[in-house]
Amino acid sequence: MIRRILHQTIVGYPMVNHNSLMSHVQIMPANDYHEIHNKSIVIDTHCDTLKCLFNEFTKPRDSMWEYRGDTGMGQRSSIGHLDVPRMIEGGVTCQVFAVSSERSRMPAYPLRTALLMIDRFYSECESIPEIKPVTTYSKIVEAKKQGKVAGLLSIEGADVIEGRIEMLGVFHRLGVRMVGLVHSLRNQLADGVADRRTGGGLSELGVQAIEELDRLGMIIDVSHLNDDGFWDVLEQTKNPIIASHSNSRAVCNHPRNMTDEMITALAENGGVMGMNFAPSFVHKTDATLEAVIDHIDHIVDLVGPDHVGLGSDYD
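Reminder that position 78 of the sequence shown reads as 69 in my numbering, one-by-one numbering, no gaps.
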């Protein structure tokens, strides 16, 4: 595992409950907060920025992504959320980049799409001196010391293995270190959160995938799984898991978010969850920064600060 799920606490500064702890916390000047942030290991566990570099994702009329393939990630963009200049200004130590087949748009070519996205990621890293591909926690720390942003690859939806468990080992060789079994829709491994009527969780192939991911030391991502799939993963895995971009269902009642029971079980497993900034998962009508903090406060009250971090779902 990557230093016990990226050193256990995804974000290197403590999350505090501002209401319950405020009487015990001395308010620091803004400069002190910036200093703490800049010294910390700050990891965002999910973004879709690689999709913005491909016409296949951005060209459809209903696409939520705007094409940036000509400029890439090295130049500041007026569209989207992430590029390397903005990551540096934001004090991001490591950005996890999702590789996704987006099966609803390109159902026939998941493996080809994933390989092209991985190739583009490495091409970006070769052409942008400020970003460095990493596969271990020690390499993340090393990149920070060098003044670079670390880039880590994940898979969002294991459709990309096309039913072949041994493909997980291939993706591991290519530098992928985190795998989400589904991207909301059912595949050969499991049912996603969008599959409301199946009552299913992991398939037999999904169980085999969990065993292989454990063997390879790859992090299992439960975001986008339905509830039954989440519990099946916890029953099968021997390692800590991650919900890379999921919030609290008690705070915002959305099926992509996690119940208190699920959050408690994730914490008992030693796992972590990254707060998603997508408005639908933050608040039904008023998705503000304060609403994101409400999710953080609730989770900290429930299981403590070691199990909550940031998974922006940017771009």
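We treat Cβ as the ideally placed atom computed from N, Cα and C, and that holds for glycine.
The alpha-carbon separation between methionine 249 and valine 83 amounts to approximately 26 Å. Where valine 140 is concerned, the enclosing beta strand (DSSP E) starts and stops at 140 to 147. Judged by DSSP secondary structure, methionine 64 falls outside any alpha helix (DSSP H); it is assigned neither H nor E.
Contact between glycine 148 and asparagine 178 holds: their C-beta atoms lie close to 7 Å from each other, under 8 Å. Beta bridge pairing from DSSP links glutamine 86 with Asp35 and Gly142. When C-alpha distances from glutamate 80 are compared across Gly63, Gly208 and His28, the shortest belongs to His28.
As the crow flies, the alpha-carbon of histidine 274 is around 35 Å from that of lysine 123. Where methionine 169 is concerned, the enclosing beta strand (DSSP E) starts and stops at 167 to 171. Bridge pairing for methionine 266: Leu301 [DSSP]. Remark: C-beta atoms of glycine 142 and valine 125 approach each other more closely than 8 Å.
In the same chain as valine 140, and ignoring 5 residues on each side of it, the C-beta atoms closer than 8 Å to its own belong to Val75, Met78, Ile79, Val83, Thr84, Cys85, Gln86, Glu121, Ile122, Lys123 and Ala134, in chain order.
Rounded to whole angstroms, the Cβ separation of isoleucine 232 and glutamate 203 is 15 Å, and the two are not in contact under 8 Å. Rounded to whole angstroms, the gap between the alpha carbons of leucine 102 and asparagine 230 is 26 Å. By the neighbour-count definition (other C-beta atoms within 10 Å, threshold 16), isoleucine 70 is an exposed residue. Contact between valine 170 and isoleucine 211 is confirmed by a C-beta separation of about 6 Å, below the 8 Å threshold. Taking C-beta atoms as the reference points, asparagine 217 and glycine 265 fail to come closer than 8 Å. If you draw a straight line from the Cα of valine 294 to the Cα of valine 167, it comes to about 29 Å.
For lysine 275, there is no enclosing beta strand (DSSP E), as DSSP gives it neither H nor E. The continuous alpha helix (DSSP H) containing lysine 135 extends over residues 128 to 136. When the alpha-carbon of glutamine 199 is set against those of Val263, Asp110, Leu159 and His174, the nearest one is in Leu159. For aspartate 212, the enclosing beta strand (DSSP E) covers residues 210 to 212. Lysine 123 carries a strand assignment under DSSP once its states are collapsed to helix, strand and coil. Taken through DSSP and simplified to helix, strand or coil, alanine 258 comes out as helix.
With respect to the 8 Å criterion, leucine 73 and cysteine 116 are not classified as neighbours on the basis of their beta carbons. As a beta-bridge residue in DSSP terms, isoleucine 233 pairs with Asp212 and Val263.
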